[in-house]
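First comes the structure, then the notes that go with it.
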Amino acid sequence: MTQDLSYLKETASQTAGPYVHIGLTPNASGITGVYPADLGATMLNDRTKGTRIIIRGRVIDGGNAPLRDGLVEIWQADAAGLYNSPSEPRGGADPEFTGWGRCACDGDNGEFIFHTIKPGRVPFKDGRLMAPHITFWIVARGINLGLHTRMYFPEEMQANAEDPLLLRLEHRDRMKTMVAQGEGKDSYRFDIHLQGERETVFLDI
1 MTQDLSYLKE
11 TASQTAGPYV
21 HIGLTPNASG
31 ITGVYPADLG
41 ATMLNDRTKG
51 TRIIIRGRVI
61 DGGNAPLRDG
71 LVEIWQADAA
81 GLYNSPSEPR
91 GGADPEFTGW
101 GRCACDGDNG
111 EFIFHTIKPG
121 RVPFKDGRLM
131 APHITFWIVA
141 RGINLGLHTR
151 MYFPEEMQAN
161 AEDPLLLRLE
171 HRDRMKTMVA
181 QGEGKDSYRF
191 DIHLQGERET
201 VFLDI
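The working numbering numbers the first residue of the sequence shown as 1 and each following residue consecutively.
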């Protein structure tokens, strides 16, 4: 007999508030002793395969000011284009790479930073290869539901031009809001604009 769960009421929605950092990144919030390091702070080690890259950026509001209380997570494939996930049907993902990272924006300048690897190409649901990309999830005070977007690589011009998701953008000139800027060898800047003329394309997923 199925148990009646009608007594479980939906929890009221709230903004992330200041507590998201205490729960998700306690060390970054100055609360030590919960975890040796915040979950998601390290994505790779000396045995991880692939080209090491650094991604820096800020989450910028409609007034062109950085959010200093933002929290950013990323998901990505490994260098071979495989996800470290039980749902990866192709198997064989690099066990030395988590494929997931989390970073609290700096309380002074609002910057986030990830040390990761450049991902390989992943097939779209119809089999076409997507360009190398990293999925971003952003939450902060005033954002009720996390925002999703993707970061593509500036040197992958041909792959970007063929990417099934980017091809769906109605306004082609906005594609550049999802492409990082190179900052030297294996270093990228990806600023995420919440509003304004340079508003980043966000995905409904």
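Note that the Cβ used here is the ideal one computed from N, Cα and C, for glycine as well.
Since the model is a prediction, treat every value here as computed from it, not as a measurement.
Length of the line joining the Cα atoms of residue i and residue j
i           : j           : result
residue 167 : residue 185 : 28 Å
residue 110 : residue 116 : 20 Å
residue 123 : residue 33  : 41 Å
residue 87  : residue 94  : 14 Å
residue 89  : residue 108 : 42 Å
residue 183 : residue 51  : 15 Å
residue 161 : residue 148 : 21 Å
residue 28  : residue 142 : 20 Å
residue 164 : residue 62  : 29 Å
residue 199 : residue 97  : 31 Å
residue 8   : residue 189 : 44 Å
residue 178 : residue 192 : 9 Å
residue 71  : residue 24  : 9 Å
residue 55  : residue 40  : 15 Å
residue 82  : residue 21  : 30 Å
According to DSSP, residues forming a beta bridge with residue i
i           : result
residue 188 : 55, 182
residue 113 : 56
residue 73  : 102, 137
residue 66  : 60
Residue i Cβ short of 7 Å to the ligand MG heavy atom set
i           : result
residue 141 : No copy of the ligand MG appears in this structure; indeed no ligand is present at all.
Expected contact under 8 Å - CB spacing of residue i and residue j to nearest Å
i           : j           : result
residue 131 : residue 154 : Actually they do not touch by this definition, with Cβ atoms about 11 Å apart.
residue 101 : residue 84  : Actually they are not in contact, since the Cβ atoms of residue 101 and residue 84 sit about 12 Å apart, beyond 8 Å.
residue 74  : residue 134 : 5 Å
residue 67  : residue 105 : 6 Å
For residue i, the nearest candidate out of the options (CA to CA)
i           : options            : result
residue 173 : 30, 201, 135       : 201
residue 194 : 64, 20, 120, 52    : 64
residue 118 : 178, 62, 39, 76    : 76
residue 156 : 128, 10, 121       : 121
residue 47  : 79, 129, 151       : 79
residue 197 : 8, 203, 176, 26    : 176
residue 92  : 69, 204, 49, 137   : 49
residue 203 : 53, 54, 169        : 169
residue 129 : 151, 159, 136, 150 : 159
residue 58  : 138, 145, 205      : 138
residue 187 : 125, 40, 152       : 152
residue 140 : 31, 60, 125        : 60
residue 145 : 69, 205, 171       : 205
Within-8 Å CB hit, residue i to chain C
i           : result
residue 117 : Looking at the structure shown, chain C is missing, and only one protein chain is on hand.
Within the segment 123-204, note down every full alpha helix (DSSP H) run reaching 4 residues or more, in order along the chain. At a cut-off of 4 residues, the continuous stretches assigned as alpha helix (DSSP H) that sit fully inside the segment 123-204 are 157-162.
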